[in-house]
Amino acid sequence: GGAGAEATNTTSGTTEALIKGGSNVTTAGVELIALEDSDITSNVTAVSVSLSASGGVAGALAVSATISENSIGSTTMADIDASMVTSNGAITIDADNNSFLHAEGTAVAVTVAASGGVSLGGAGTGADVSNVVTGTTQAVIRGGSNVSTTVGNIGITATDDSSVLAEVISVSVGLTAGS
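So in this note's numbering, the last spot in the sequence shown is 528, and the numbers never skip.
Take a look at the structure:
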């Protein structure tokens, strides 16, 4: 017997919080926050079982394989570009990428062959999990922007906390009995 399973998951995108294009902003406080929370969970399982019994010759073969390919690509940007921002309070420019990719690949193959004479049995498995996380996370003031506050701080933070968890299980069992 044989079994196979494959999954391919891809997500990509852009998350932006922007003040740009010659904007003129006057306010009591500014919070410019871009948050990316892409999430992929992939569980791929293949199971194959082969049984054979005979009074003479018995043979059993089981093969199982799984493939899981996953990718997250993102751009996360908090940006003041070519603009004027005047505040009477704190200014926060924050870009956070919290992408999470969790993939499980499981392959199981079991054979049982029994006979009164000759018994042959074999089991084989394979599991492959591929995960890729790429991206750009930035918080910037650029393009000749004029940013000021009369009270409080100007805080600029870019954080990439992307993570990957991959679990691969491959089990093969072959049992034979003969006289």
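For each residue, glycine too, the CB sits at the ideal point set by N, CA and C.
Just so it is clear, the structure is predicted and the values come from calculations on it, not from any experiment.
- Assignment of beta-bridge partners to Ser361 by DSSP yields Gly422.
- Contact between Ala488 and Asp443 holds, since their C-beta atoms are separated by about 6 Å, short of 8 Å.
- At a cut-off of 3 residues, the continuous stretches assigned as beta strand (DSSP E) that sit fully inside the stretch 444 to 498 are 449 to 464, 467 to 491, 495 to 498.
- For the pair of segments examined, the stretch 362 to 374 was found not to touch the stretch 464 to 483: the number of CB pairs separated by less than 8 Å stays below three.
- Following the DSSP letters along the chain, one finds Asp388 inside the beta strand (DSSP E) bounded by residues 388 to 403.
- Taking C-beta separations shorter than 7 Å and ignoring five residues to either side along the sequence, the partners of Gly405 in its chain run Ser464, Gly465, Gly466, following chain order.
- By DSSP's assignment, Val500 forms no beta bridge with any residue.
- Of the candidates Ser528, Gly350, Glu385, Glu385 places its Cα closest to the Cα of Ile421.
- In its chain, beyond the 5 residues on either side, Glu380, Gly504 have a beta carbon closer than 6 Å to the beta carbon of Thr441.
- Around Ala402, the same chain offers Ala463 as residues with beta carbons nearer than 6 Å, after the five sequence neighbours per side are excluded.
- The C-beta distance from Asn446 to Ser511 rounds to 6 Å, short enough to fall under 8 Å.
- Beta-bridge partners assigned by DSSP to Asn373: Met433.
- Rounded to whole angstroms, Ala515 and His451 show a C-alpha spacing of 6 Å.
- In chain order, Asp388, Ser512 place their CB closer than 7 Å to the CB of Phe449, counting only its own chain and leaving out the 5 sequence neighbours on each side.
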